[in-house]
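First comes the structure, then the notes that go with it.
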Amino acid sequence: MLIHGDNLIALKALGHNFSGQVKCVYIDPPYNTGSAFEHYDDNLEHSTWLSLMVPRLRILRKLLCEEGSIWINLDDNEAHYCKIICDELFGRKQFVGTVIWEKADSPRMDASLFSVRHDYILVYAKNIKKIKFNREKYDTVQEHYKCVDENGRRYYTKPLRVMGGNISESLFFSIIAPDGTEILPYENNGKKSCWRWSKKKVIDEADRIEWVNGKNGWNPYFRIYADTLKGAPAQTIWSHDEAGSNRASKRESKLLFGENAFGTPKPEKLLLKLLNIATSPGDIVLDSFLGSGTTAAVAHKMGRRYIGIELGEHCYTHCLPCLKAVVDGEEGGISKCVGWKGGGGFRFYELAPTLIVPDKYGQPIINEKFNIMMLVESVSKLHGFTFAPDPDIYWKQGRSQDNCYIYVTANYLSTNELDSIARDLKKSDRLMICALAFDIGLGKRYENIQIRKIPMSILSKCEYNKDNYNFNIIRQTKQNDKEL
Ligand SMILES: C[S@@+](CC[C@H](N)C(=O)[O-])C[C@H]1O[C@@H](n2cnc3c(N)ncnc32)[C@H](O)[C@@H]1O
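Mind the numbering: the sequence shown is residues 39 to 522 in my numbering, read in order.
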């Protein structure tokens, strides 16, 4: 899913269908650097930045599944303040760690004090007891596997005798060396030790034991094969070699958008590494500050499902064309690395206008931009019903459980109409009717029919009378320029 619009409203809407379903949230919000980038502004008062983040993080947490994690990419401007609010929102025990991503691949010679090379990625679990990360391929270890066996498998060896530390009596027994001598686990200085393996394992895995006849006699070693390595746990320092750099991401963006390259994209390799650790194919990934679409593009190429939300016009000029190119088999970024050949698809969504607006007396009324079907769909959704109009029975417009229906009407509900519906409604069925107006006393006429007035019944469930959710609220420099 690609959604154009403010992420707070979009996230609230997603809550109905996606609560507890998202495996990984990655966000790269405006860092609050004080800059005005070409595609968005990044200059808020600190407390404003934090208060805009809080409600979004709260909903993102709800959307995560129990095994899920959230990764928040920031720099020194707000990372430490964000850590404090996340401790409060997620719980300090849910803090998994901070990744240091080496975003710069060379120093900045014009820096006055530090040439900053890194960003932070704060990682929190929804439930630290349930979260599991995938282990990473640990290629550097391959150098370690210097020997090759008769079948071409790479391995290295370790002494079978415990070298110092506690000894166990059950692991003190003799093993027969190739010349028939019985070998007991004694250290070279005569001190008693023990084997690392049990008697049974020594018999079962005898073909993994190698004997070396040194100056102190026979010593058994055991083989550790490279192809049985389960990978290494993810580490907290990510170099630009393995996770890309800002320079690399600029290159990727130029390749896709030419002159119109995005100002602050992330490298595809960064997302590849992150999603490899936090997700598996088929999992849902969510990025509510999508920018030029990197997270969605990488998730698509990796066979993950994804939801990307972007407020700016670059949702059309960057995210949409980027994802279309990916579907068509775009060859940049991580494409070669994951063998991407194209395929799949995505849906594009636009946020509907505000459902409720104040009239000239300040009273809430339905926005006239809503036609009747839009009204039915949103009121059904807000009451927790799935919009599914029955082609034959006009008042069955949505359902929640098997025998629970909703009927939304922008007309006056008369007693006659209610009686006629009640005649067709089975005793075991339940119906909620939402109408703009209805006769007094009608609400109690039938036990299995509940009648509510719109918009009053949905006021508490949707946004109303709020000014601006936008992170990009300051465009002052440009406006002032114009005025001058
Ligand atoms: C740092 S950029 C993200 C870059 C992205 N990771 C990429 O690789 O292209 C932050 C993005 O958040 C978007 N944004 C800011 N406020 C938003 C809001 N309220 N709802 C949705 N997107 C928002 C900005 O328009 C900007 O594109």
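All C-beta atoms, glycine included, are put in the ideal place defined by N, C-alpha and C. Remember, predicted model here, so these are calculated numbers, not experimental data.
Which listed residue (the options) has its alpha carbon closest to that of residue i
i: His54; options: Asp477, Ser438, Tyr194; result: Ser438
i: Ser330; options: Val364, Ile322, Leu313; result: Val364
i: Arg343; options: Leu312, His182, Phe384; result: Phe384
i: Ala299; options: Thr274, Thr332, Gln273, Asp321; result: Thr332
i: Leu227; options: Thr447, Gly382, Val250, Asn254; result: The question names Leu, yet the displayed sequence has Asn at residue 227. If we check each option's Cα against that of Asn227, Asn254 comes out closest.
i: Lys339; options: Pro319, Asp325, Leu456; result: Pro319
i: Leu40; options: Ala163, Ala335, Lys398; result: Ala335
i: His77; options: Asn45, Asp457, Leu349, Thr424; result: Leu349
i: Tyr69; options: Cys357, Glu126, Asp79; result: Asp79
i: Leu361; options: Pro67, Ile345, Lys374, Cys375; result: Ile345
i: Leu95; options: Cys124, Leu52, His118, Ser107; result: Cys124
First and last residue of the uninterrupted beta strand (DSSP E) at residue i
i: Ile108; result: 102 to 112
i: Lys491; result: 487 to 491
i: His118; result: From DSSP, His118 is part of no beta strand (DSSP E) but of the alpha helix (DSSP H) over 117 to 128.
i: Ile41; result: 40 to 42
i: Thr447; result: 442 to 451
i: Pro197; result: 192 to 197
i: Phe75; result: From DSSP, Phe75 is part of no beta strand (DSSP E); its letter is neither H nor E.
i: Leu294; result: Not the beta strand (DSSP E): Leu294 falls in the alpha helix (DSSP H), residues 284 to 295.
Own chain, CB closer than 8 Å to residue i, minus 5 neighbours either side, in chain order
i: Asn441; result: Lys464, Ser466, Asp467, Arg468
i: Cys120; result: Leu88, Met91, Ile110, Leu112, Leu160
i: Tyr259; result: Thr195, Lys196, Pro197, Leu198, Ile247, Glu248, Trp249, Val250
i: Ile403; result: Ile394, Val395, Pro396, Asp397, Pro493
i: Trp256; result: Ala215, Pro216, Asp217, Thr219, Ile221, Trp249, Val250
i: Tyr450; result: Ala473, Leu474, Ala475, Phe476
i: Leu480; result: Leu451, Thr453, Leu456, Ile489
Residues near residue i in its chain [Cβ-Cβ closer than 7 Å; skip 5 each side]
i: Val391; result: Here the sequence assigns Pro to residue 391, which means Val is not the residue at that position. The answer, listed in chain order, is Asn405, Lys407.
i: Gly269; result: Arg173, Glu174, Lys175, Tyr176
i: Lys184; result: Tyr194
Euclidean distance between Cα positions of residue i and residue j
i: Cys353; j: Glu105; result: 30 Å
i: Met470; j: Arg490; result: 7 Å
i: Ser206; j: Tyr64; result: 47 Å
i: Trp249; j: Asp366; result: 57 Å
i: Gly422; j: Tyr432; result: 19 Å
i: Thr515; j: Ala74; result: The predicted model places Thr515 with a pLDDT of 32, which falls under 50 and marks its position as unreliable, so this point remains unresolved.
i: Leu309; j: Ser85; result: 29 Å
i: Ser153; j: Trp276; result: 18 Å
i: Leu312; j: Val186; result: 33 Å
i: Ala316; j: Gly43; result: 27 Å
i: Gln517; j: Asn81; result: Since pLDDT at Gln517 reaches only 30, below the 50 mark, its modelled position is unreliable, and no value is offered.
i: Thr355; j: Glu306; result: 19 Å
i: Leu456; j: Gln488; result: 11 Å
Endpoints, alpha helix (DSSP H) assigned at residue i
i: Ala281; result: 278 to 281
i: Leu312; result: 306 to 316
i: Met470; result: Premise fails: Met470 lies in the beta strand (DSSP E), 468 to 476, not in any alpha helix (DSSP H).
i: Pro359; result: 358 to 365
i: Ile205; result: Ile205 -> no alpha helix (DSSP H), and no H or E assigned at all.
i: Glu225; result: Taken as a continuous stretch (DSSP letters only), Glu225 belongs to no alpha helix (DSSP H), as it is neither H nor E.
Nonlocal neighbours in the same chain, by C-beta distance under 6 Å from residue i, ignoring five residues either side
i: Arg155; result: Glu140, Ala142
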